[in-house]
Structures are given as structure tokens and as C-alpha cells.
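Asker: Starting off with a structure, shown below.
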Amino acid sequence: MSVPTVLEKILARKVEEVAERRARVSLAELEGLARAADAPRGFAKALLDQARLKQPAVIAEIKKASPSKGVIREHFVPAEIAKSYEKGGATCLSVLTDVDYFQGADAYLQQARGACSLPVIRKDFMIDPYQIVEARALGADCVLLIVAALDDARMAELAAVAKGVGLDVLVEVHDGDELQRALKTLDTPLVGINNRNLHTFDVNLETTLDLLPRIPRDRLVITESGILNRADVELMEISDVYSFLVGEAFMRAESPGLELQRLFFPERGLPVSGSTLD
Numbered sequence: 292m293s294v295p296t297v298l299e300k301i302l303a304r305k306v307e308e309v310a311e312r313r314a315r316v317s318l319a320e321l322e323g324l325a326r327a328a329d330a331p332r333g334f335a336k337a338l339l340d341q342a343r344l345k346q347p348a349v350i351a352e353i354k355k356a357s358p359s360k361g362v363i364r365e366h367f368v369p370a371e372i373a374k375s376y377e378k379g380g381a382t383c384l385s386v387l388t389d390v391d392y393f394q395g396a397d398a399y400l401q402q403a404r405g406a407c408s409l410p411v412i413r414k415d416f417m418i419d420p421y422q423i424v425e426a427r428a429l430g431a432d433c434v435l436l437i438v439a440a441l442d443d444a445r446m447a448e449l450a451a452v453a454k455g456v457g458l459d460v461l462v463e464v465h466d467g468d469e470l471q472r473a474l475k476t477l478d479t480p481l482v483g484i485n486n487r488n489l490h491t492f493d494v495n496l497e498t499t500l501d502l503l504p505r506i507p508r509d510r511l512v513i514t515e516s517g518i519l520n521r522a523d524v525e526l527m528e529i530s531d532v533y534s535f536l537v538g539e540a541f542m543r544a545e546s547p548g549l550e551l552q553r554l555f556f557p558e559r560g561l562p563v564s565g566s567t568l569d
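Heads up: take any position in the sequence shown, counting from 1, add 291, and you land on the working numbering.
What follows is the structure in C-alpha cells.
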């Protein structure tokens, strides 16, 4: 028998986790919480508006740890990080809520969103409609659907549930077959290309550039993972990719917001003495 990949292990655990959550809070209760949540902030619109100006539309990620790197940031205060990102020029936030593999938490999303005015995506492995409703109940404005983790029927079902509760959808692919499935199954304008292979966790920026010609112009391409320096940013911008999801490069910096500004908006210069992006 073959050894399970990282993604397969995560998904097996996620099935158990959803069952545990459902036993604690019923879907009906969650639906009530979702209806009472703050109105969505318009995740897709914020990205599309910024990218149309050919300005970096940055989804800045709040992530404590990952399966491949372990703990990435020791001093981890989501509200502080969210404020820092907003000052640094982020368009949206991404918050990891997976507990077992990324040391995330639902509370991190709530804390981050409560500390700023930016739209927020719940970054997790969504496999069940329950999690979609839960995302809206937590205050999320968008959810991530990972094509590698879903069959077409489930992908369509989750997208329909998301639409029903007012959430935008970012669909994530990492090869041509997944891209074809995503474009055929979903009408979301947000197409994320993950430069990290979710089975091996290897990173290659060419993944975005290779898939780019196959994506219709009415979709917004978001390059994810592996953007670490100005050269990486410029490589994408000369190919007309202006939307980015970045986590690790920011999380390893003393000031995440300052690193965001340095990487994406160097023309703004550094803050004057005595000011801070933390």
C-alpha cells in the first residue's frame, strides 16, 4: 500500500474533525449564527478593483505553522498582524483555521477580522457544507475550495452553499487537469494557482506562468506560495499577474506589514522615524 500524501492525511483528519464539530454545534444552530454575522465585506470585489488598476492586490496570510516548515512565527497575535497588514497595503486577509496541521484556530479569524476593515478568507480544507456555513458564522467573507481535495459534484455543492450564505469563493488549482475541472465546474472569478504541490509540498513559480495562458480573461489569477522577494513579484507583474497570496515571507519578518510594503509597494518608502506598521 502506498504511503498517504500530506494532503491525504489532512483530509482524513478533516472528516473526523467535521463530525466532532457537528456533534457539538448543529447545522441549524450554525445557520442562525451565520444569519446574525456581520455583512460580508466583498472579498472578490476588493481584489478585482485593485487588480484592474494594475496594482498589487495582496491577500496577506496569517499563519502560525505549516506541515512542511513547522512553527513559522513564535510571536503570533492575529489582531496585531491584521492591523500591520492593513497599514502595509494588504487588500484582503487569509487566516488559517486548520488546527491539527497548521496550528490555526477559528478564534484567529475572528480576532483578525475584528481588528481591521479588510475582507477575510477562511483558509482551511473545506470538504463539507457544514464548514461553509461555519465560515460565515465566524465572520469570513470568502472560502477556499481546493480542487485536489474535492470531486466535481462536491465542489459545485460547496460553491452553491457559499453563494447561498453570501460568501465569495476562491478556487485553488495546482495543475492543468485541476484548472480544467475548476473552470468547467465553477463560475467564481477568483482562480488561485498554488505553486506548491499539495502532495509533495515542493514549490515552483513556473506553475503559475505555465497555466496562465489557459485561464479566460474574465477570471482573476491569484498566484499562491513561493513569492519571497521583489524579483518574484516582478516576474508575475510582467506576465500581468497582479494578485498574490503571501504568507511565509511576511510571517518570518519582524513586522509583517512592513515586509508587505517592502515587497509590493517599495515606491512608498519606509515609515518615518517613530511610526510603525505593527
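By construction, the Cβ of each residue, glycine as well, lies at the ideal position given by its N, Cα and C atoms.
If you run the structure through DSSP and keep just helix, strand and coil, what is LYS354?
Answerer: Within the sequence shown, residue 354 is the residue found at index 63, counting from 1. Coil at LYS354, not helix or strand.
Asker: Starting from GLU558, trace the alpha helix (DSSP H) in both directions and tell me its first and last residue.
Answerer: As a first step, residue 558 is located in the sequence shown; it is residue number 267 there, counting from the start. Element bounds for GLU558: n/a, residue is neither H nor E.
Asker: Are the segment 444-451 and the segment 395-403 touching by the rule of at least three beta carbon pairs closer than 8 Å?
Answerer: Result no; under three Cβ-Cβ pairs closer than 8 Å.
Asker: What is the DSSP secondary structure of GLY565, reduced to helix, strand or coil?
Answerer: Here residue 565 is taken as the residue at index 274 of the sequence shown, counted from 1. Low confidence applies here, because GLY565 scores a pLDDT of 40, under 50, leaving its location unreliable and the question unanswered by this model.
Asker: Express the C-alpha separation of ASP478 and PRO507 in angstroms, rounding to a whole number.
Answerer: Mapped onto the sequence shown, residue 507 falls at position 216. Mapped onto the sequence shown, residue 478 falls at position 187. Those two C-alpha atoms are separated by around 11 Å.
Asker: Looking at chain D, is there any beta carbon in it that lies within less than 8 Å of the beta carbon of ALA373?
Answerer: Among the chains in the structure shown there is no chain D, since it carries only a single protein chain.
Asker: Would you call GLN471 buried or exposed, if buried means 16 or more other Cβ atoms sit within 10 Å of its Cβ?
Answerer: On the sequence shown, residue 471 is found 180 positions in, with the first residue counted as 1. Burial call: exposed.
Asker: Under three-state DSSP, which class holds THR479?
Answerer: Your numbering for residue 479 matches position 188 in the sequence shown. Residue state, collapsed to three classes: coil.
Asker: By the DSSP assignment, the beta strand (DSSP E) with ASP459 in it spans what residues?
Answerer: Residue 459 sits at position 168 when you count from the first residue of the sequence shown. Here the beta strand (DSSP E) through ASP459 covers 459-464.
Asker: Could you please give the first and the last residue of the uninterrupted alpha helix (DSSP H) stretch that includes GLU545?
Answerer: Here the question's residue 545 lines up with position 254 in the sequence shown. No alpha helix (DSSP H) holds GLU545; DSSP gives it neither H nor E.
Asker: Taking the alpha helix (DSSP H) that ILE301 belongs to, which residues open and close that run?
Answerer: The count along the sequence shown starts at 1 and reaches residue 301 at position 10. Element bounds for ILE301: 297-315.
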